[in-house]
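Engineer: Using my numbering, the letters of the sequence shown correspond one by one to residues 16 to 344.
For each residue, glycine too, the CB sits at the ideal point set by N, CA and C.
Owing to the predicted nature of the structure, the values given are computational and were not obtained by experimental measurement.
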Amino acid sequence: MKNVHGRSPCCREKVVRFGNKRRKCICCGKTWSVHPRKRGRKRRHVRGSLIANIFSEKRTLAALAHKAGISQPAMTKRFRRSLDWYARRPSLHPLFRSRTYILLADALWFRFKGERWTLYLRAAKAATKNLAIFLEPVMLPGKENAIDWRRAIEATPEPLKKRIKALVSDGFRGSKRIAKGYRWIFQRCHFHLIAQLQVRRGKRKTTIPGRQTREEIYQTVRKILVRKNRSRVKILKNQLRNVLRRRDCPRKLKSIVREFLRTVHHFRAYLNHPELHLPYTTNTVESMNRLIRNSCGRLRTPESLARWAEALIQHHSTFTCKGANYQQN
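(1) Which value, in whole angstroms, describes the spacing of the CA atoms of Q342 and W323?
(2) May I have the straight-line CA-CA distance separating M16 from S48, to the nearest angstrom?
(3) For the alpha helix (DSSP H) containing V279, name the first residue and the last one.
(4) Alpha carbon to alpha carbon, how far is T115 from R315? Give it in angstroms, no decimals.
(5) Report the three-state DSSP secondary structure of F33 (helix, strand or coil).
(6) How many Å lie between G157 and R131 at the Cα?
(7) When the Cα atoms are used, what is the spatial distance from F206 to T235?
(8) Determine the extent of the beta strand (DSSP E) in which R126 is found, giving its start and end residues.
(9) Between the alpha carbons of T299 and F275, how many angstroms are there, rounded?
(10) Report the CB separation of S310 from L327 in whole angstroms; it is logged as a contact under 8 Å.
(11) Whose CA, out of I307, I232, S190, lies closest to the CA of H281?
(12) Just how far apart, CA to CA, sit I69 and K267?
(13) For the alpha helix (DSSP H) holding W164, just list the boundary residues, first then last.
(14) Sorted by chain position, which residues of the same chain lie with C-beta nearer than 6 Å to R237's C-beta, five sequence neighbours on each side aside?
(15) Which same chain residues, not among the five before or five after A83, have their C-beta less than 7 Å away from its C-beta?
(16) Would you check if the segment 115-125 and the segment 180-188 touch, i.e. whether three or more CB-CB distances between them fall below 8 Å?
(17) Looking at C-alpha atoms only, which residue of S97, S71, M154 is the closest neighbour of F125?
(18) Is V153 helix, strand or coil when you go by DSSP?
(19) So, using beta-carbon positions, are S332 and F94 closer together than 8 Å?
(20) Taking only runs that begin and end inside the segment 174-248, name each unbroken beta strand (DSSP E) of 3 or more residues, in chain order.
(21) Using 10 angstroms around the beta-carbon of K140, count the other beta-carbons present and answer buried if the total reaches 16, otherwise exposed.
(22) Report the CB separation of A161 from I193 in whole angstroms; it is logged as a contact under 8 Å.
(23) When burial is assigned at 16 or more other CB atoms within 10 Å of the CB, is E325 buried or exposed?
(24) Can we say the segment 196-204 touches the segment 164-180, given the rule of at least three CB pairs closer than 8 Å?
(25) Using the C-alpha atoms, what's the distance from A78 back to E72?
If you want it as structure tokens, here you go:
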């Protein structure tokens, strides 16, 4: 319904109409538009090809600006808009229709202006699939800790959280308690344990003290991780305890192996629950950590890092994550 008694905003006098949009004040003669157009040129549509050029082809903004014939600040502004759009859009890879999921968790830290920030990453793997889908990352200030890990896990969508049956992690502080609280099976990463032993193995150092003891510990732990026969595993554990009593066994190696013997059932969960096809490493999340570190290592603010990480995970949302039946140790 038209407003026939409208008054002009300038003089509060009668208004003369010019079509459906234009109006004129009869007192001062000023004209205006009821629905004014936005000034300036039309904004360009956001395109995902710019994200692909940066993330997949590893091209720089300076090279893209030179090719497009625009300045580098203009290309930076265009890329920032594309990054915001790409990070907010819905995931193109919805979760599988599976009743059972395994949650893989890992974190990496950055430092901004002397303050430490931690990026918490989670990936969900269906028990019947060889693919893991990454969830939205959580960026929190401070060092990695159990309280923030609980906040990150609580951010997991509730329908997915109800179907999670196991947690695979590197054994961060509080991981065992978190898995117990949710009644999840807990699988610790083999790679982190083997890496600790590999550093102290001394294979190439012929003059290192206790070289034979170090090698024997390393080989025995590797056998305990993969042996299916429980009686044989019990024998290997007793052999490992006898080796730890030697005088030439390093103190740090003793503490690592004693912790391993106390929690050996966490390292062998993939053998005790073969129906879940548990991966016994966090290599899938470590691969994403490497991508984020290489692409976001020079960012200056945690907000920009969170935006880059979300867009990067959208671009590489799925990773191959095969179960224990396919992995080699």
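Structural biologist: To lay it out plainly:
(1) Caution is warranted here: a pLDDT of 47 is assigned to Q342, below 50, making its placement in the model unreliable, and the coordinate value is therefore given only provisionally. Whole-angstrom Cα-Cα distance: 31 Å.
(2) For M16, the pLDDT reaches just 45, beneath the cut-off of 50, and the residue's location in the model is therefore unreliable, although a value from the coordinates is still provided. Taking the straight line from one Cα to the other gives about 18 Å.
(3) 279-282
(4) 39 Å
(5) strand
(6) 5 Å
(7) 15 Å
(8) 116-127
(9) 23 Å
(10) 6 Å
(11) S190
(12) 44 Å
(13) 161-169
(14) none
(15) M90
(16) yes
(17) M154
(18) strand
(19) no
(20) 179-184, 200-203
(21) buried
(22) 7 Å
(23) buried
(24) yes
(25) 12 Å
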